[in-house]
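Beneath this line is the structure, given in structure tokens, with notes to follow.
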Amino acid sequence: MASRFLFLVCLAVTVFIALASDPSSLQDFCVADPTGSVPVNGHVCKDSKLVVAEDFFFSGLHLAGNTSNPAGSKVTPANVAQIPGLNTFGISLVRIDYAPWGINAPHTHPRATEILTVLEGSLQVGFVTSNPENRLISKVLQKGDVFVFPVGLPHFQHNVGTGNAVAIAALSSQNPGAITLANAVFGSKPDISAGVLAKAFQVDKSIVYNFQSKF
Ligand SMILES: *[C@@H]1O[C@H](CO)[C@@H](O)[C@H](O)[C@H]1NC(C)=O
-1 MASRFLFLVC LAVTVFIALA SDPSSLQDFC VADPTGSVPV NGHVCKDSKL VVAEDFFFSG
59 LHLAGNTSNP AGSKVTPANV AQIPGLNTFG ISLVRIDYAP WGINAPHTHP RATEILTVLE
119 GSLQVGFVTS NPENRLISKV LQKGDVFVFP VGLPHFQHNV GTGNAVAIAA LSSQNPGAIT
179 LANAVFGSKP DISAGVLAKA FQVDKSIVYN FQSKF
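See below:
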């Protein structure tokens, strides 16, 4: 009985470790070496004697992103690509700007849970749970409000205020990745065949071609 219990605990711990976002650190830091050519999960470490404050630094999140685009929003990332010192630490940030009625289109982060806080304006936000429920969990947020988007689930934000909106979001990966649903489905290279998409979306192929022409 006791050994079975122990086995279940070990299994639970193993599963937990296997499901954790980014691997945990085994040293003070492992600043990404952009010249490293060894293919590892993440980046190889720069010589710690050569590490400087700039490796842990990024300036620019005070600047509004340019929202003159069809979605009316702009994401400014601060992840391991901008801050090499984030390598192996499992976190990153973005600033998101929204023009009036702008959207951050439905997308997922394959490697991160996201926690978003509204700095200015009003946002309708939401995420959709997995099959078969596909339940929409949605809320209108005001300045100072915080909302969580669970890892992997499709989510969006919509500026429903009268002016610009600004949010800062933290993500549980140094490199969260993003899959914008419309682009992945209708803008893949090469195209997913129109026949497959027509069946999947239960529409005529001409509608699929129309969507594909936009991405
Ligand atoms: C914003 O982006 C638009 C579209 O790409 C461009 O025409 C415009 O010059 C940009 N504005 C600024 C201030 O960079």
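My numbering numbers the first residue of the sequence shown as -1 and each following residue consecutively.
Each residue gets a CB set at the ideal place from its N, CA and C atoms; glycine is no exception.
For residue i versus residue j, is the C-beta spacing smaller than 8 Å?
i	j	result
Val93	Leu121	Before going on, a small fix: residue 93 reads as Arg here, not Val. No, Cβ-Cβ distance for Arg93 and Leu121 is not below 8 Å.
Asp45	Pro82	no
Arg109	Gly175	yes
Ile152	Pro98	Correcting the residue identity first, residue 152 is Pro in this sequence and not Ile. In this structure, Pro98 does not lie closer than 8 Å to Pro152 by Cβ.
Phe147	Asn102	no
Thr86	Asp20	yes
Gly100	Asn157	yes
Thr111	Val149	yes
Ser170	Gly88	yes
Phe209	Asn181	no
Leaving aside the five residues before and after residue i along the sequence, list all residues of the same chain whose C-beta is less than 8 Å from its C-beta, in chain order.
i	result
Val164	Ala62, Arg93, Ile94, Asp95, Tyr96, Val116, Leu117, Glu118 and Gly119
Leu179	Ala103, Pro104, His105, Thr106 and Pro152
Gly124	Leu134, Ile135, Ser136, Lys137, His153 and Phe154
Ala192	Lys203, Val206, Tyr207 and Gln210
Taking 6 Å as the limit between beta carbons, can you name the residues of its chain near residue i, skipping five residues before and five after?
i	result
Asn64	Lys72
Phe199	none
Thr127	Arg133
Val49	Val29
Ser23	Thr86
Ala167	Val92, Glu112 and Leu114
Gln140	Ser120
Phe184	Phe209, Gln210 and Phe213
Go through its chain and collect everything with a Cβ distance to residue i's Cβ below 7 Å, but skip five positions before and after it.
i	result
Ala196	Asp202, Lys203 and Val206
Phe5	With a pLDDT of only 47 at Phe5, under 50, the local geometry of the prediction cannot be trusted, and no value is derived from it.
Gly34	His41 and Val42
Val194	none
Leu84	Asn77, Val78, Ser90 and Gln172
Kindly provide the ranges of any beta strand (DSSP E) runs that are 3 or more residues long and lie completely inside the segment 84 to 165, ordered along the chain. Taking only runs of at least 3 residues, the beta strand (DSSP E) segments lying wholly in the segment 84 to 165 are 90 to 96, 101 to 106, 112 to 118, 121 to 126, 134 to 139, 144 to 147 and 153 to 157.
Tell me whether the segment 85 to 92 and the segment 70 to 77 touch, counting them as touching only if at least three CB pairs, one residue from each stretch, are closer than 8 Å. Result yes; three or more Cβ-Cβ pairs closer than 8 Å.
Would you mind listing the beta strand (DSSP E) stretches within the segment 30 to 78 that are 3+ residues and don't spill past its ends, in chain order? Counting only unbroken stretches of 3 or more residues, the beta strand (DSSP E) elements lying wholly within the segment 30 to 78 are 71 to 76, in sequence order.
To test your reading of the DSSP string, which unbroken alpha helix (DSSP H) runs of 4 or more residues are found completely within the segment 168 to 199? Counting only runs of 4 or more, we get 179 to 184 and 192 to 199.
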